[in-house]
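Numbering of the sequence shown is given in full-length UniProt numbering, commencing with residue 1 and proceeding in unit increments.
So the structure is just underneath, and the comments pick up after that.
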Amino acid sequence: MDTMSEPHTHATHPEIVKRLKRAEGHLRSVIAMIEGGKPCLDIAQQLSAVEKAIVNAKRTLIQDHLDHCLEETVGALPRDKRQSIDEFKTITKYL
């Protein structure tokens with residue numbers, strides 16, 4: 001797959017961008033908290049929220065890629081041969 005030739009987008013990309021921009025704003029707030037000398041517990045809680053938002057965005061991106069790009073590459077398979085693909089898609093939810 002040539003990653004530089006043409007745009008590669010999915011229906012979930014705008015939602016992922018929205019989530020990441022929200023996380024970016026949240027991270028700016030965390031930086032301000034640190035610079036403002038806020039309590040470490042408060043900062044750690046907010047950092048955890050930022051981290052979770054980014055992980056969820058990553059998970060959505062990976063799942064969407066698997067659901068569309070992998071399916072497109074593999075094509076239609078008989079049910080007995082789909083099990084490995086389906087298991088792979090399921091296990092990636094734990095990334």
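Quick reminder that beta carbons are idealized off the backbone N, C-alpha and C, glycines included.
Fair warning: this is a prediction, and the values are worked out from it, not measured in the lab.
Rounded to the nearest angstrom, the gap between the Cα atoms of L66 and H13 is 14 angstroms. One Cα belongs to A76, the other to P39, and the distance between them is close to 55 angstroms. Here V30 is buried: its Cβ has 16 or more other Cβ atoms, across all protein chains shown, within 10 Å. If you compare the alpha carbons of S84, Q63, K21 with that of H10, the shortest gap goes to Q63. The Cβ-Cβ distance between Q46 and H26 falls below 8 angstroms.
L95 carries a coil assignment under DSSP once its states are collapsed to helix, strand and coil. With fewer than 16 neighbouring CB atoms inside 10 Å of its own CB, A32 falls in the exposed class. Membership of H26 in the alpha helix (DSSP H) is indicated by the continuous run 13-35.
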